[in-house]
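Under UniProt numbering, the sequence shown has 185 at position 185, and the numbering climbs by one with no breaks. Where a beta carbon is used, it is the ideal one built from N, C-alpha and C, also for glycine. Source: prediction; values computed, not measured. A short worksheet on the structure shown next.
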Amino acid sequence: MCVNGAGSPSSCCGVLKPPSLSPSPAVEDTLVELDFFQESFPSEKKSGEFLLEFDNEEILHVDWEKKQNVWRLPDFQRFTSFEVQGALANIAVMKNNMEVLMKRSNRTRALNVAPSATVYPENAVELGDPNVLICFVDRFSPPVLNVTWLKNNEVVSEGVEETDFYPSVDNSFRKFSYLPFVPEQGDIYVCQVEHWGIPEGKMEKIWGKHRAPSPIPETMENVLCALGLAFGILGIIAGTILFFKAMRMNDRRGFM
């Protein structure tokens, strides 16, 4: 499949996914393998992917350039193993098949599918407590995408992690990007997404406006502390007066 990008860039991608099947009885678990090879023009940049998913959760993918496994969680490799050469062989076959198809086809244009994006925190937000912002980019094609994080209009790259491209049942793709951060009053974070399907070339999702609770000013804290102390003193005085009144009443009853 060849996909034209904004302007002159385009991408040719060979994809191997499980075929769409007619409705079948519900199953408890699913294992999905995704293989694709892609070449972009005019840059001629090439990329390949081999991915294993279990119940929509990534187990591992193969880094085609580094030719090594990348486990989604390092502990997974304690329980199983995977031979990277088998995945690289699959990608090599797809690369060859795609080149043959490119020579035999007229590279019919296909529509670029623009992504949707959502930004949300991993945990409930508390000022000063470390957290993680997640940018979820969904339903886009082809799998050519750039995600950039900004904090108060400054690019942030430290600690940023991304997943590989995940397949969806409608043959589109999805991707997650993670940014560790410490919530502070007034900070604004932006997830900037670039994709050929976006008319303007990129889109932005903002997080931070009206999100963090306003801290109590120091003067207000002092006022509340003073009020609490005053009420405490009044309580002690009132208790003392009532105590002595009760003692006098008991004394009078004793004389009667």
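Count Cβ pairs between the segment 68-83 and the segment 131-139 that sit closer than 8 Å; are there 3 or more? Counting Cβ pairs under 8 Å, fewer than three are found: no touch.
With Leu51 and His61 assumed to form a contact (beta carbons below 8 Å), what rounded beta-carbon distance in angstroms separates them? Within the sequence shown, numbered from 1, the residue matching residue 51 stands at position 51. Within the sequence shown, numbered from 1, the residue matching residue 61 stands at position 61. Correct: roughly 4 Å between the Cβ atoms.
Kindly indicate which residue of Ile188, Ile198, Pro167, Glu33 has the alpha-carbon position closest to the one of Trp149. In the sequence shown, the residue the question calls residue 149 occupies position 149. Shortest Cα-Cα distance from Trp149 to any of Ile188, Ile198, Pro167, Glu33 involves Ile188.
Would you mind giving the Cβ-Cβ distance between Lys205 and Thr80, rounded to the nearest angstrom? I have them listed as a contact below 8 Å. Counted from its first residue, the sequence shown places residue 205 at position 205. Counted from its first residue, the sequence shown places residue 80 at position 80. 36 Å between Cβ atoms; not a contact.
Could you tell me the distance, in whole angstroms, from the CA atom of Asn97 to the CA atom of Asp55? Numbered from 1 along the sequence shown, position 97 holds the residue referred to as residue 97. Numbered from 1 along the sequence shown, position 55 holds the residue referred to as residue 55. Distance between the alpha carbons of Asn97 and Asp55: 29 Å.
What does DSSP give as the partner residues of Trp64 in its beta bridges? Mapped onto the sequence shown, residue 64 falls at position 64. Residue pairing by DSSP places Trp64 in no beta bridge whatsoever.
Mapping DSSP to helix, strand and coil, what is Gly86? As a working mapping, residue 86 is identified with position 86 in the sequence shown. Look at Gly86 here: in three-state DSSP terms it is helix.
Val182 versus Arg78, Ser168, Phe176, Gly159, residue with shortest Cα-Cα distance: In the sequence shown, residue 182 corresponds to position 182, counting from 1. Here the closest residue by C-alpha is Gly159.
According to DSSP, is Lys45 helix, strand or coil? Stepping through the sequence shown from its first residue, residue 45 is reached at position 45. The answer is coil: DSSP assigns Lys45 none of H, G, I, E or B.
Please return the same chain residues whose Cβ sits closer than 6 Å to the Cβ of Ser22, not counting the five positions on each side in sequence. Locating residue 22 in the sequence shown gives position 22, counting from the first residue. With a pLDDT of 45 at Ser22, under the threshold of 50, the modelled position of that residue is not reliable, and no figure is offered here.
Here's the rule: buried if 16 or more other CB atoms are within 10 angstroms of the residue's CB, otherwise exposed. What is Ser177? Counted from its first residue, the sequence shown places residue 177 at position 177. Residue environment analysis places Ser177 among the buried positions, since at least 16 neighbouring C-beta atoms fall within 10 angstroms of its C-beta.
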